[in-house]
Structures are given as C-alpha cells and as structure tokens.
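Residue numbers (our numbering): 321 to 575. Please read the structure below before turning to the comments.
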Ligand code: ADP
C-alpha cells in the first residue's frame, strides 16, 4: 500500500484564499483510479487553512474569543476542502471516504497525542481510500492546535509500517534551495536520509513550517517507511509513474 500526502500547494492556489487547483485535483483523481495497491490519502490545508491560521493567530495557546472564532472557521474550511478533494476523487473514478481528522485525533502542544488509526484501517479494509487532512484539533495544553498533514503522515506510517510514502507538491521535488527564490537551485534526484539536513528549505510563512517543516517530518519517517518520494502534482504523468513503482522527483533513501 501507499501513504500519500497531497500538499496544500499541490491542490490549492496559495496566492488566493479558498481557491483550488482544479487541474491538479482532476489529475489526482485520475491517477489514483489507476493505483493497483491500496492508498491512504492525507491532504494539506493550503489556501483553505493557512490564511485563517495566520489571520486568527492559531499558533500557541488559543485564548481569545477571536482565536476561538478562527478555530471554528478553520474547522469548517478544512471540511469544505476535504469535500472538494473527495468529489474530485469520485469524479476520477475512485471511492474516497473522508474522516474528519479533528474527530479522530487530538494533540498536546501542537504534536499528535491520540490518533484513532483503527478507523483508518477499517475504511481501507473495505476497499475505500481513507482521506484525512491537516486540521485544527483539540489540544490538551493549547486548547486547539493546527496539526499539519506532514505530521499526520508519521503517525499513519507507524500505523501502516513498511510502506512507501509519496509527498505531492507544486515543485518537482526537493531542490538544493527554494526553486521559486533561488534560480541556481537544482533538483535533487536521490538523497540519503542522513543528508536531509543539508537541504536549504524555506519556511513559507505557514504555521506548519512550509518545506522546512515537511523535511523535518519526512526525517521522522525513519524506520517506518521503506522509501519516500517528493514529486509534483502539476506535472502530467508523474504521479501515475510513481504509483506504478517508477522513480521521479526526489527519492529519499531511508536507511
Ligand atoms: P505543501 O503545501 O505542498 O505541502 P509547502 O507549500 O509547504 O508544501 O512547500 C512547498 C514549497 O516549498 C514549494 O512551492 C517551494 O517553493 C518551497 N521550497 C522551499 N525550499 C524548498 C526546497 N529546498 N525544495 C523544494 N521546494 C522548496
């Protein structure tokens, strides 16, 4: 089976609040329909999650009425995005089943505490694609906290050990530096887990830490996944090739 993370920048347009990348969502639905092994899908928040988290300051302790309103808005926005993703999957010929992440997962100080992965197993075992997502969840210390899709991937990998993880984003993979800022950045084809620290990854202003946060969560997959690939959902055929077992984008060798 495959653990797949569809990044917020892959499925939404981060330059405009609450906007999606319709072509990429179509591509995701069509590609997943060709998968010959079971897939668990986790998606990010992109333009549905991050602008709200910033506007209502949802990092650290949530105390003010305004922040609580922000929690409610984010809760709704992420359900809306999950619906859009699931509809695109159905359109492509897949059978997705969304699990409202904040109902099966709690956190403490922004890190996942309890995660009812049994339900993910059940949904997968009935032939569906379980769909979870980065979300605002109950937090034992902060009251509420944003948990990124990248962080959820680690716990999914623990629940389903020994599988491949694919991270879909809006660039072809991991570069030596942010390719949108540094014209000299070059795509890394293969990198050992131990060398991930040498990658200059931007924080992108997201509460979940952008590519820097992603690289840290990928490093935490050590010992629970066999291989990680980072690839673009914007490139035709890239995901299909990866689903067939091919290598594209960046491959992180998990020794
Ligand atoms: P997603 O929302 O897809 O999970 P992010 O938007 O957080 O991912 O991160 C993807 C973005 O990170 C890319 O659009 C790219 O501009 C930026 N980035 C920063 N550093 C790097 C790097 N070293 N390699 C690739 N992308 C990088």
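Ideal Cβ positions, reconstructed from N, Cα and C, are used throughout, including at glycine.
Following the DSSP letters along the chain, one finds residue 385 inside the alpha helix (DSSP H) bounded by residues 385-412.
Inclusion of residue 418 and residue 349 in the CB contact set at 7 Å is not warranted, their separation being larger than that value. The set of residues with any CB-heavy atom separation to the ligand ADP below 6 Å comprises, in chain order, 327, 328, 329, 330, 364, 366, 489, 490, 491, 494, 495, 497, 498, 499, 500, 519, 520, 521, 522, 524, 526, 530, 531, 534.
DSSP places residue 512 within a strand segment (E or B) once states are collapsed to three. The beta-carbon separation of residue 422 and residue 457, rounded to 4 Å, stays under the 8 Å limit for a contact. Bounds of any alpha helix (DSSP H) do not take in residue 500, whose DSSP letter is neither H nor E. Excluding its 5 nearest sequence neighbours in each direction, residue 495 has C-beta neighbours in its own chain below 7 Å: 505, 506, 507, 508, listed in chain order. The beta carbon of residue 440 lies closer than 6 Å to those of 450 in the same chain, with the five residues before and after it left out.
In this structure residue 545 is in contact with residue 485, their Cβ atoms being roughly 5 Å apart against a cut-off of 8 Å.
Taking the CA atoms as reference points, residue 478 sits about 33 Å from residue 389. Contact between residue 532 and residue 470 does not hold, since the beta-carbon distance rounds to 11 Å and is not under 8 Å. Classified as exposed, residue 442 has fewer than 16 neighbouring CB atoms from the shown chains inside 10 Å of its CB. DSSP, reduced to helix, strand and coil, places residue 456 within a strand of the structure shown. The C-beta of residue 465 has 16 or more other C-beta atoms within 10 Å across all chains shown, which makes the residue buried. In this chain, residue 382 is not harboured by any beta strand (DSSP E), its DSSP state being neither H nor E. Under the DSSP assignment, residue 488 falls in the beta strand (DSSP E) whose first and last residues are 483-489. Your pair residue 559 and residue 488 checks out as a contact, with CB atoms roughly 7 Å apart and the cut at 8 Å. Residue 345 sits close to residue 331, with the two beta carbons spaced by under 7 Å. Counting along the chain, residue 549 sits inside no alpha helix (DSSP H); it lies in the beta strand (DSSP E) bounded by residues 545-552. If you look at residue 439, you'll find it in the alpha helix (DSSP H) that goes 438-445. Residue environment analysis places residue 552 among the buried positions, since at least 16 neighbouring C-beta atoms fall within 10 angstroms of its C-beta.
Nearest Cα to residue 406 within the set 420, 369, 498: 420.
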